[in-house]
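Contents: one structure, followed by commentary.
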Amino acid sequence: MNAVYENGKILLSADASIFNLAQTLECGQCFRWECAEDGAWHGVSSGKALRVRQTEQQIIFEGTTEEEFQTFWSDYFDLNTDYERIHKKLCERNAALRLAAVSASGLRILRQEPWETLCSFILSQNNNIPRIKKIIETLCSCFGEKLPGGEYSFPSAEVIAELSEEDLSPIKCGFRSKYLLDAAKKIAEGKFDLHAIEMMPTEEARKMLTMLRGVGPKVAECVLLYGFHRLEAFPVDVWMTRAMTGLFPGESPDSFGEYAGIAQQYIYYYSRLHPELFSGDAPETSTSKEIGALS
DNA sequence: GTCCAGGATCGGA
DNA sequence: TCCGATCATGGA
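Using the numbering used here, the first residue of the first sequence is number 1, and each one after it goes up by one.
Written as C-alpha cells, this is what we have:
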C-alpha cells in the first residue's frame with residue numbers, strides 16, 4: 001500500500017474492501033479503540049497514541065510522525081501482509097466461509113503488544129465486550145503512564161506485579177484480579193518468559209500459555225493470534241460455537257488451514273453482525289434460508 | 001428477579 | 001475423562 005506524508009498526516013491509499021477500519025477495530029480483537037462522533041478512531045498502543053480515519057480512497061493517520069508510522073503503526077496494522085490474497089484463498093474454501101468473508105473483507109489482524117493482549121483476554125473471560133473495554137480503560141487510567149495527549153499507556157507487568165487485589169478493586173474485574181496479578185508477578189519476576197513465546201512452535205506456545213492461571217484454551221488462542229500473529233490460531237467462544245454449528249456443522253476448527261485465525265475473524269464478525277441468525281430461535285429470513293441452503 | 005457475556009477452575013462421578 | 005457448579009460484575 002502506498003503511503004505519503006503530507007501536512008503532518010500520513011495518507012494511505014486503500015479501498016475499504018481491503019482495509020476497513022471499523023471491521024478491524026470492532027471485531028473483538030482489541031479493546032482500546034473508540035470511534036469519535038466525527039468518525040475518527042482514537043487509540044493507544046505501546047505507549048503511542050493515534051487518530052485514524054477512513055475516507056473513500058484513503059486511510060488517514062494523525063497524531064504520529066512519518067518515522068513512527070514507518071517503524072510502528074505500519075507493522076501494528078499489518079500493512080505488509082497481503083490480505084487480498086488470503087481473503088481470496090479463504091473464499092475458495094466453500095460457500096459458508098465465503099458468506100462470512102465477504103461481510104468482513106477489509107478486516108485485518110492487528111499485531112498487538114503481547115503483554116497487553118494477554119491481560120486483555122484474561123480479563124475477557126465470562127465477560128462482555130463493553131465491560132471488558134471499561135475495565136481496561138480504568139486499569140490504564142489508574143496504573144498506566146499519562147501520555148502528552150492525555151491518554152494513558154497500558155501498565156507494564158512490573159507495575160501490576162506490585163499491586164494487591166485491593167489496589168485493583170477500582171477496576172471491578174471481579175474474580176479475574178487474581179489471574180492478572182499472578183501473570184504479572186510471574187512475568188515481572190522472570191518465572192515466565194512471555195518474550196520466548198515468539199520463537200516457539202505454536203503447539204508448544206499453547207502449552208506454555210495455559211500454564212498461567214486463568215489462561216485456558218480460548219484465551220491462549222487469542223493471545224497467539226492477536227499478540228503473536230499466529231494466523232493458524234483459532235479461538236472459539238460462545239459466539240463462535242453457535243456460528244460453527246450454524247455454518248459449519250460437524251466441521252472441526254482445525255480444518256481451516258494456515259489462515260484459520262483470519263477465517264475465524266470473518267466468522268466471528270459475521271455472527272456478531274447477524275446475531276439473530278445464530279440465537280437458536282431465529283425467525284426465518286432470506287439470509288437464514290441462504291445459510292440453511294448451504295448445508 | 002433472571003439471564004448472559006470473546007471462560008477457567010475445581011470437585012466429584 | 002467428563003460434567004456441573006462456581007466465580008464478580010453490570011446491562012438487558
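Glycine residues also receive a C-beta, built at the ideal position from the N, C-alpha and C atoms.
### Message
Could you compute how far the alpha carbon of residue 68 sits from the alpha carbon of residue 79?
### Response
Residue 68 sits at position 68 when you count from the first residue of the first sequence. Residue 79 sits at position 79 when you count from the first residue of the first sequence. The alpha-carbon atoms of residue 68 and residue 79 are separated by roughly 14 Å.
### Message
Measuring only the C-alpha atoms, how far is residue 210 from residue 192?
### Response
Here residue 210 corresponds to residue number 210 of the first sequence, with the count starting at 1. Here residue 192 corresponds to residue number 192 of the first sequence, with the count starting at 1. Between the alpha carbons of residue 210 and residue 192 lies a gap of roughly 12 Å.
### Residue range of the unbroken beta strand (DSSP E) whose run includes residue 6
Start at 1 with the first residue of the first sequence, and residue 6 comes out as number 6. Counting along the chain, the beta strand (DSSP E) containing residue 6 begins and ends at 3-6.
### Cutoff 8 Å; reference residue 200; Cβ partners in own chain excluding five residues on either side
Here residue 200 refers to the residue found at position 200 when the first sequence is read from its first residue. The answer, listed in chain order, is 208.
#### Entry: Under the three-state DSSP convention, the category residue 283 falls into
As a first step, residue 283 must be located in the first sequence, where it is residue number 283. With a pLDDT of only 47 at residue 283, under the threshold of 50, the placement of this residue in the model should not be trusted; the figure read from the coordinates follows. Three-state DSSP puts residue 283 in coil, outside helix and strand.
### Query
Who pairs with residue 34 in a beta bridge, going by DSSP?
Reading the first sequence from its first residue, position 34 is the one you call residue 34. According to DSSP, which records beta bridges pairwise, residue 34 is partnered with 42.
### Query
Near residue 13, which residues of its chain fall below 7 Å by C-beta distance, leaving aside the five closest residues on each side in sequence?
Here residue 13 corresponds to residue number 13 of the first sequence, with the count starting at 1. The residues are 1, 2, 57 and 58.
### Query
Helix, strand or coil: how does DSSP classify residue 131 here?
Taking the first residue of the first sequence as 1, we reach residue 131 at position 131. Residue 131: helix per DSSP, three-state reduction.
### Closer than 7 Å: residue 261 CB and nearest the ligand FAD heavy atom
For the ligand FAD, the structure offers nothing, since it holds no ligand at all.
### Message
So for residue 16, helix, strand or coil by DSSP?
### Response
By 1-based counting over the first sequence, the position of residue 16 is 16. Coil.
### Query
Are the Cβ atoms of residue 77 and residue 123 separated by less than 8 Å?
Here the question's residue 77 lines up with position 77 in the first sequence. Here the question's residue 123 lines up with position 123 in the first sequence. Taking a C-beta distance under 8 Å as the contact criterion, residue 77 and residue 123 do not qualify as a contact pair.
### Residue environment, residue 175, which counts as buried when at least 16 other CB atoms sit within 10 Å
For the purposes of this step, residue 175 is taken as the residue at position 175 of the first sequence. Counting Cβ neighbours within 10 Å, residue 175 comes out exposed, since fewer than 16 surround it.
### Query
Where in the segment 147-224 do unbroken runs of the alpha helix (DSSP H), each at least 4 residues long, occur, reported from the N-terminal end onward?
Listed in chain order, the complete alpha helix (DSSP H) runs (minimum 4 residues) inside the segment 147-224 are 157-161, 177-188, 202-209 and 217-222.
### Query
Since residue 62 sits in a beta bridge, which residues does DSSP pair it with?
As a position in the first sequence, residue 62 is number 62, starting the count at 1. DSSP, once it has assigned bridges, lists 51 as partnering residue 62.
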